[in-house]
Amino acid sequence: MNKESKMMRWLNERYNLSLIEHFAEEKKVPHFRGSFWYYFGGVSLFLFIVQVVTGILLLMYYQPGAQTAYESVRFIVMKVQFGWLIRSIHSWSANLMILSVIIHMFSVYFTKAFRKPRELTWYSGFILLALCLTFGFSGYLLPWNTLSYFATKVGTEIVGVVPFVGKPVMEVLRNGSDVTTATLTRFFALHVAVLPALFTVILGVHLLFIQVQGISEPESWKYLPESKKSHIPFFPNFVLRDVLLWLIVLNVLAILAVYFPWELGHKAEPFAPAPIGIKPEWYFLFMFQSLRFFPPKLLGVDGEVLGISLFGLAGFLWFLVPFWDSKTSKGSRNRIVNYVGIGVVLYIIVFTVIGARAK
Amino acid sequence: MKKIIIFLVFLAVIALPNVSNARTQEKKPVDKCLSCHTDIGSDEAASYMSDVHFKAGVTCAGCHGGNASVEDQDAAMNPKKGYIGVPKPSAIPQMCGKCHGLARTTFRNEYHLDDVVDQFMSSVHGRALNQSSDGPTCISCHGIHNIADVSSVKSPAYPTNVPKTCAKCHSNPDYMKKFNPGLPVDQYEKYLTSVHGERNEAGDPKPATCVSCHSNHLIRPVKDPRSPVYPTNIPETCARCHSNKAYMAEYHIPTDQYENYKQSVHGIALLQNSDLSAPACNSCHGNHGAVPPGVSSVASVCGTCHQANADLFDKSVHRAAFAKAKLPGCVVCHSNHLVKPPFDAMIAFDGGGVCGKCHKNMTSDPAAGAIIAIRWTLDSLTRGRKDAEALLSRAEQLGMDVSDAVYSLKDVNQSLVEARVQVHSFAATSVESAAAPGLKIVAGAQKSALAAVDEYYFRRHGLGVATLIITLLAVLLFLKIRQIERRNKG
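Residue numbers (the numbering used here), protein chains in the order written: chain A, 40 to 398; chain B, 38 to 527.
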């Protein structure tokens with residue numbers, strides 16, 4: 040009897056691991072031409088783990104506060120052994136995580152995996168995306184550099200435009216009427232305590248739903264006989280494929296961190312004029328660019344208010360897609376969902392490109 | 038016809054004297070005031086006979102009002118007819134201005150007079166008069182009743198009289214306190230010690246007097262940028278005479294000072310960069326007591342600004358050596374009016390070096406060691422900084438953050454400045470001590486730059502190793518997956 044078996048027996052005697060073993064053996068994952076998209080959920084999870092690990096390492100040196108934040112990040116980058124690598128990986132993985140979550144969301148949308156009985160999985164996933172964006176927004180301010188300071192100022196100002204609740208929400212976000220050191224400590228608390236706790240709980244719920252309900256089969260398999268459906272075991276096949284992709288992502292992260300180290304920029308000067316052509320992070324760019332195209336007044340309503348309201352409404356409708364797409368869950372094809380999805384993807388790409396090229 | 042022509046010629050002959058007489062009458066009207074006041078023995082009336090205005094036909098009524106053409110006292114001195122008596126001081130400029138003032142009168146055109154009254158009222162003197170009736174007026178400088186032409190030696194405004202005229206007020210502390218308590222009252226005293234003053238006292242009207250520099254009617258405060266004695270205007274003011282070869286010919290002194298000064302480090306700082314801390318002519322030569330600094334006092338004069346350099350020079354071996362050789366201190370190496378920015382290559386025996394002026398033999402001169410050591414230290418610092426900058430630039434081009442090291446190089450300049458100042462001690466050890474902190478920073482910056490370049494390659498190599506390991510793991514994993522899947526199929 041080898042050492043491993045001994046250990047497994049020891050554990051089995053105490054925790055009855057056969058249940059997990061059985062679950063792993065029985066769990067299957069649909070295997071078809073488009074199953075590649077399934078892996079983005081796993082990639083997002085991997086990047087979240089990278090975020091947590093690198094975030095904890097950064098936390099050992101980071102000091103929030105207008106007088107210390109920039110200096111401590113600078114210390115991390117310049118003095119701490121491999122600090123530059125940890126910070127760059129944290130920043131790059133944050134961006135890749137958001138990209139991966141967005142791809143995951145659209146793959147779920149286009150494969151109609153949100154349909155009954157997985158509505159709650161979609162809703163929890165949508166909340167996770169919103170939390171990812173909040174993570175990005177709150178983390179962006181933490182180095183307290185010029186770009187992050189003014190981007191936060193502009194970003195929170197946009198929140199302030201939301202009718203009725205905008206102003207109080209903005210003041211709660213800023214911890215006052217302006218972006219100050221109080222905002223920094225508030226964002227820090229959000230970024231390292233509130234959001235990770237919320238994210239972990241909702242991620243756990245999201246993963247639980249997936250494990251309980253299994254991975255969604257493609258829409259086209261609905262009337263296919265079982266013999267025609269192809270599956271691979273979740274363990275070890277799917278998990279090993281996942282790990283293979285994680286290794287590739289890890290290498291991409293390392294290449295990005297070494298060849299394109301995340302810049303620190305200059306320390307924020309609250310009394311200095313905002314830099315010309317200031318832009319938000321790429322994932323907010325399509326909204327920012329759209330708002331720039333809105334006229335100051337439209338039908339007697341403030342253009343910015345109207346734009347933000349429309350984005351809010353669009354996001355809400357996107358969130359509710361399992362409700363309004365009743366056809367798919369009944370087994371019929373709903374092309375409108377596809378057209379809407381393609382339209383949204385094109386819109387986001389086009390406006391992001393325009394925004395990135397705008398001076 | 039012939040009779041008519043003869044009659045017309047006769048008329049012309051008898052008319053001509055009358056026309057001539059009428060002109061004389063117009064120029065010199067009958068002055069009944071002067072007649073009576075002369076008769077009663079008035080000093081003023083007697084003085085007025087020699088006054089330039091009397092000669093020009095201006096009657097007493099020209100200044101005092103009234104009617105000078107009638108003998109009756111009541112009619113002549115009738116206030117209702119414009120008689121004012123003795124004019125109030127504040128009214129004097131306007132009174133003089135009736136002829137000398139703003140309006141383009143025939144009189145002003147004929148005598149080519151400037152708008153002197155307007156100029157006077159804009160000057161410091163006009164302002165003083167506005168503040169107090171004790172303030173200066175036209176008569177303070179030009180006199181009263183016996184006013185002479187300014188080209189006449191009798192005039193208080195004649196060049197050799199100007200200093201005394203101005204000193205009447207400006208050397209009177211009690212009087213000056215009323216208007217400008219902070220203004221010194223020793224200008225005249227100093228002026229008498231100056232080359233200008235000495236020659237002026239000797240009767241030479243050409244050397245500068247007060248008005249040569251400060252202007253006459255339009256005297257502005259020294260702090261007014263429009264004043265000819267405002268720091269940035271001083272060189273040009275002095276150059277009006279000192280760069281005029283014809284004017285200066287009889288004094289046998291150079292006239293290239295202004296041209297040289299304009300090209301000097303001082304001239305560029307003051308005239309081009311408007312740096313008011315830079316010296317103008319008066320900073321070295323004095324203003325009211327202007328004299329060329331003597332050989333022994335050159336270092337003291339330069340030391341008023343370059344204090345550290347002068348202190349070091351005073352304690353150096355050169356102080357006594359220069360005094361013995363009657364060499365004018367700083368000027369020996371730096372020149373006087375054409376002071377150029379100093380450069381390290383000046384410390385050399387040849388090739389633009391100034392040491393070689395006195396130290397002729399490099400091999401046998403005991404000072405050679407110090408000269409070479411000083412130059413070596415300065416070159417080490419400047420070259421070291423340049424090398425460090427190049428290395429840091431390379432590290433930055435590689436994307437490495439070396440901003441701390443770049444920032445540290447700023448302090449090298451301080452060290453370099455101190456080392457260059459220490460050159461005036463002419464002691465190699467002093468220069469080396471001053472340069473030591475800079476050399477340390479340079480060495481540190483170079484080390485940081487090299488470490489950053491090494492770090493760059495370490496990262497690249499590290500990435501290469503990591504990629505290799507990850508790729509190997511990925512390949513092994515891929516093979517394992519294939520093995521498992523083949524086994525599943527089997």
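We put the CB at the ideal spot given by N, CA and C, even for glycine.
Nothing here was measured: the structure is a model prediction, and the numbers come from that model.
Separation of the CB atoms of serine 160 of chain B and histidine 254 of chain B is rounded to 6 Å, and the pair is thereby assigned contact status at 8 Å. From the listed residues A:Thr195, A:Trp123, A:Phe248, the smallest Cα separation to leucine 159 of chain A is found for A:Phe248. Segment contact: the segment 145-163 of chain A against the segment 345-363 of chain A, three or more CB-CB distances shorter than 8 Å; contact assigned. For the 7 Å CB-CB criterion, tryptophan 301 of chain A and phenylalanine 85 of chain A do not form a contact.
Asparagine 184 of chain A is bridged by DSSP to A:Lys306. Per DSSP, the continuous alpha helix (DSSP H) segment holding isoleucine 95 of chain A begins and ends at 78-98. Judged by their CB atoms, leucine 50 of chain A and leucine 58 of chain A are not nearer to each other than the 7 Å cut-off. DSSP places histidine 162 of chain B in the uninterrupted alpha helix (DSSP H) bounded by 161-168. Between the segment 307-325 of chain B and the segment 271-291 of chain B, the count of C-beta pairs closer than 8 Å reaches three or more; the two stretches touch.
Counting only runs of 4 or more residues that sit fully inside the segment 220-262 of chain B, the alpha helix (DSSP H) segments are 224-230, 232-238, 247-251, in chain order.
The count of Cβ pairs closer than 8 Å, one atom from the segment 504-516 of chain B and one from the segment 469-482 of chain B, stays below three, leaving the stretches out of contact. Secondary structure remark: continuous alpha helix (DSSP H) runs of at least 4 residues inside the segment 217-270 of chain A, in chain order: 220-228, 234-252. When Cβ-Cβ separations below 7 Å define contact, leucine 509 of chain B makes no contact with chain A.
Restricting attention to A:Phe75, A:Glu320, A:Tyr378, the CA atom closest to the CA of tyrosine 179 of chain A is found in A:Glu320. Distance between isoleucine 129 of chain B and alanine 311 of chain A, taken at the CA atoms: about 58 Å. Shortest Cα-Cα distance from isoleucine 411 of chain B to any of B:Ser334, B:Thr466, B:Gly388 involves B:Thr466. For the pair of segments examined, the segment 214-232 of chain A was found to touch the segment 179-198 of chain A: the number of CB pairs separated by less than 8 Å reaches three. Where valine 68 of chain A is concerned, the enclosing beta strand (DSSP E) starts and stops at 67-69. In the displayed model, leucine 453 of chain B falls within a helix according to three-state DSSP. Relative to phenylalanine 515 of chain B, the option among A:Pro335, A:Leu96, A:Leu168, A:Val278 whose CA is nearest is A:Val278.
One finds Leu500, Thr504 in chain B with Cβ atoms closer than 8 Å to the Cβ of isoleucine 294 of chain A, taken in chain order. When the beta-carbon positions are compared, leucine 428 of chain B and glutamine 483 of chain B come within less than 7 Å of each other. Beta-bridge partners assigned by DSSP to aspartate 341 of chain A: A:Lys336. Residues are counted here when their Cβ sits less than 7 Å from a Cβ of chain B; for the segment 105-131 of chain A these are Val116, Met117, given in chain order.
For alanine 425 of chain B, the CB contacts under 7 Å within the same chain, skipping 5 residues up- and downstream, are Leu446, Val479, Ala482, Gln483, Ala486 in chain order. Following the DSSP letters along the chain, one finds valine 479 of chain B inside the alpha helix (DSSP H) bounded by residues 465-526. Listed along chain A, the residues sitting closer than 7 Å to glycine 436 of chain B by beta-carbon distance are Pro300. For the options B:Asp416, B:His396, B:Ala488, B:Cys367, the alpha carbon positioned closest to that of cysteine 342 of chain B is the one of B:Cys367. A contact between stretches requires three or more CB pairs, one per stretch, nearer than 8 Å, and the segment 64-77 of chain A fails this requirement with the segment 128-139 of chain A.
Membership of serine 139 of chain A in the alpha helix (DSSP H) is indicated by the continuous run 122-149. With its beta carbon at least 7 Å from every one in chain A, leucine 513 of chain B lies outside the interface. Within a 10 Å sphere around the beta-carbon of glutamine 90 of chain A sit 16 or more other beta-carbons, which makes this residue buried. In terms of CA proximity to asparagine 373 of chain B, B:Ala336 leads the group B:Asn310, B:Ala336, B:Ala382. In this chain, the alpha helix (DSSP H) harbouring tyrosine 298 of chain B covers 294-300. Around leucine 279 of chain A, the beta-carbon contacts reaching into chain B at under 8 Å are Leu514, Lys517, Ile518, Ile521. Residue pairing of proline 272 of chain A in beta bridges, as defined by DSSP: A:Lys67.
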